[in-house]
Amino acid sequence: MKHIKKIAMAVLAATAIITTVIITESMNNKSVVTTSTPSTTLSVINNEDFAGTATTKQFNIPEGFEYVKVSFKNTGSKAFTFTINQESTAGTAKMSYTVPADGKEHTYWSDQAWSTGLLYVSMSSAQGMSGRLSVRLGTDLNKLKSL
0 MKHIKKIAMA
10 VLAATAIITT
20 VIITESMNNK
30 SVVTTSTPST
40 TLSVINNEDF
50 AGTATTKQFN
60 IPEGFEYVKV
70 SFKNTGSKAF
80 TFTINQESTA
90 GTAKMSYTVP
100 ADGKEHTYWS
110 DQAWSTGLLY
120 VSMSSAQGMS
130 GRLSVRLGTD
140 LNKLKSL
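Per numbering that gives the first Met the number 0, residue 0 is the first one in the sequence shown, and the count goes up by one each step.
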């Protein structure tokens, strides 16, 4: 007689990804294990447009997704600066760079894991700016860099 056991584990709080493992045993057959792999990255801002002289976007880092990758495409004629701050726009600065006005995608990440919670991406340029922003989070820095 076959016995089936199901074990469900809630994984990665904000994503509601569930890994299910089904183990089938019988007297004449050894165990068969089927698993589904949980996601290792999460897109929290996906190609959002921005423009003007200053704008801010907010995102949340859920537990387990401590690595951050930020991508910009500057579609304007002038460079702009961005800063990522923790907890508020005036909070602890986590990252800051200038994005050139060359129409290419520029990607930035930190080799250090970041804390969970709210983060704010602030972009500014005295001459005005336009572009697109993407933010992806990951559980593994090398996997995140490769995307």
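Idealized CB from N, CA, C, for every residue including glycine.
Q: Could you tell me which of 132, 109, 39 sits nearest to residue 98, measuring between CA atoms?
A: 132
Q: Return the chain-ordered list of same chain residues with a C-beta closer than 8 angstroms to the C-beta of residue 109, the five sequence neighbours on each side being excluded.
A: 66, 67, 93, 94
Q: On a CA-only basis, which of 64, 72, 90 is nearest residue 49? Give me that one, please.
A: 72
Q: Determine which residues share a DSSP beta bridge with residue 125 and list them.
A: Residue 125 pairs with nothing; no bridge assigned.
Q. Looking only at its own chain, which residues have a Cβ that is under 6 angstroms from the Cβ of residue 79, when we skip the five neighbours before and after it?
A. 98, 122, 124, 128
Q: Taking 9 angstroms as the cut-off, decide whether the C-beta atoms of residue 146 and residue 136 are in contact.
A: no
Q) Just reading off the alpha helix (DSSP H) that residue 142 is part of, what are its end residues? A) 140-145
Q: Measure the alpha-carbon distance for residue 35 versus residue 46 and round it to whole angstroms.
A: Low confidence applies here, because residue 35 scores a pLDDT of 40, under 50, leaving its location unreliable; read the following figure in that light. C-alpha separation (whole angstroms): 28 angstroms.
Q.
Please state whether the Cβ-Cβ distance between residue 113 and residue 60 is less than 9 angstroms.
A. yes
Q) Can you pull the DSSP bridge partners for residue 79? A) 98
Q: My understanding is that residue 76 touches residue 105, with C-beta atoms under 8 angstroms, so please give their C-beta distance in whole angstroms.
A: With a Cβ gap of about 16 angstroms, residue 76 and residue 105 do not count as contacting.
(Q) Quick check: does the Cβ of residue 132 come within less than 8 angstroms of any heavy atom belonging to the ligand ZN? (A) This structure lacks the ligand ZN; in fact it carries no ligand of any kind.
Q. Residue 110 by DSSP, collapsed to three states: which one?
A. coil
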